[in-house]
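Per my numbering, the very first residue in the sequence shown carries number 13; after that it's consecutive.
Just so you know, even glycine gets a beta-carbon here, dropped at the ideal spot from N, CA and C.
Okay, structure first, notes after.
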Amino acid sequence: MHSHTVLLALRHFAHEHDELPAFHAGYLVLTILAAAILNLGAFAVLIAAHISLDLVKYREVHHLSWMHTFEGTVRESLVDVFLLVMALTFSVYLHHTIGIAAMSGVLRADLTVARFTGIFLPKFEILERFLGVLLHIGRHMRTVHERLGRSLAAGEQLLVFLLIATTILFVAAPAILGISTSAFLSTVTHEMIPWRI
Numbered sequence: 013m014h015s016h017t018v019l020l021a022l023r024h025f026a027h028e029h030d031e032l033p034a035f036h037a038g039y040l041v042l043t044i045l046a047a048a049i050l051n052l053g054a055f056a057v058l059i060a061a062h063i064s065l066d067l068v069k070y071r072e073v074h075h076l077s078w079m080h081t082f083e084g085t086v087r088e089s090l091v092d093v094f095l096l097v098m099a100l101t102f103s104v105y106l107h108h109t110i111g112i113a114a115m116s117g118v119l120r121a122d123l124t125v126a127r128f129t130g131i132f133l134p135k136f137e138i139l140e141r142f143l144g145v146l147l148h149i150g151r152h153m154r155t156v157h158e159r160l161g162r163s164l165a166a167g168e169q170l171l172v173f174l175l176i177a178t179t180i181l182f183v184a185a186p187a188i189l190g191i192s193t194s195a196f197l198s199t200v201t202h203e204m205i206p207w208r209i
């Protein structure tokens, strides 16, 4: 009898959670804390999970060809991949400018703003998007990308351009910053191993 009551309460919560301000406040606080605490590797795992889910959605649920499955998956993960690469690029560049920041309080404040904008906000957005998929998984699995089979929209073209530009900046970081490849790889490894907090 007790388990039946718990199931009814959970079912009621699942249907009514969007109406509860306390749920939204708690959700926001937990999302902010997770984005602040977890490193980029944890967010790469979330993106990989989302990509896997989309592969199943397009191939198994909608029975689309591999070409359309690949297209739909890329289109749905484009924002997340760009945000991850941007955050990783910011992380590498900011990590190797800490010595400069120690010289001036103004530079330190600028670096704090840059870290918030370039690392924290992308992590927050990736987590928010992933949790949105999980909270509405039925709808996510039923719907395909609205532009599937059509040319890239202007926003998608901009994202592709920004992703390529950011990737070039990331790969060129050792030359631009004047650091060794081993120092670069050490920073990337530190950021991308998911269990390092």
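Minimum C-alpha distance to Thr101 - residue among Leu181, Met204, Leu197: Leu181
Simplified DSSP assignment, three categories, for Val41: Secondary structure of Val41 (DSSP, three-state): helix.
Length of the line joining the Cα atoms of Val156 and Leu45: Each residue's Cα considered, the two are about 31 Å apart.
Assumed close pair Phe55, Ile131 - CB separation to whole angstroms, cut-off 8 Å: With a Cβ gap of about 10 Å, Phe55 and Ile131 do not count as contacting.
Sub-8 Å separation of Ser103 and Ile59 beta-carbons: No.
Through-space distance from Glu72 to Asp66, alpha-carbon basis: 10 Å
With 16 other Cβ atoms within 10 Å as the buried cut-off, status of Leu197: Leu197 is exposed by the Cβ-count criterion.
Endpoints, alpha helix (DSSP H) assigned at Glu140: 133-147
Under the three-state DSSP convention, the category Ser103 falls into: Reduced to three states, the DSSP call for Ser103 is helix.
First and last residue of the uninterrupted alpha helix (DSSP H) at Phe55: 52-68
Rounded straight-line distance, which links the Cα of Leu52 to that of His202: 9 Å
Assigned exposure category for Ala177 - 16 Cβ within 10 Å defines buried: Ala177 should be labelled exposed.
Chain-order list of residues whose beta-carbon lies under 6 Å from that of Phe136 (same chain, five-residue window excluded): Ala47
Residue nearest to Ala61 in terms of C-alpha spacing, selected from Pro134, Thr85, Glu158: Thr85
Residue span of the alpha helix (DSSP H) that contains His202, given as start and end: Element bounds for His202: 193-204.
Which listed residue (Leu95, Phe94, Val68, Val91) has its alpha carbon closest to that of Phe82: Val68
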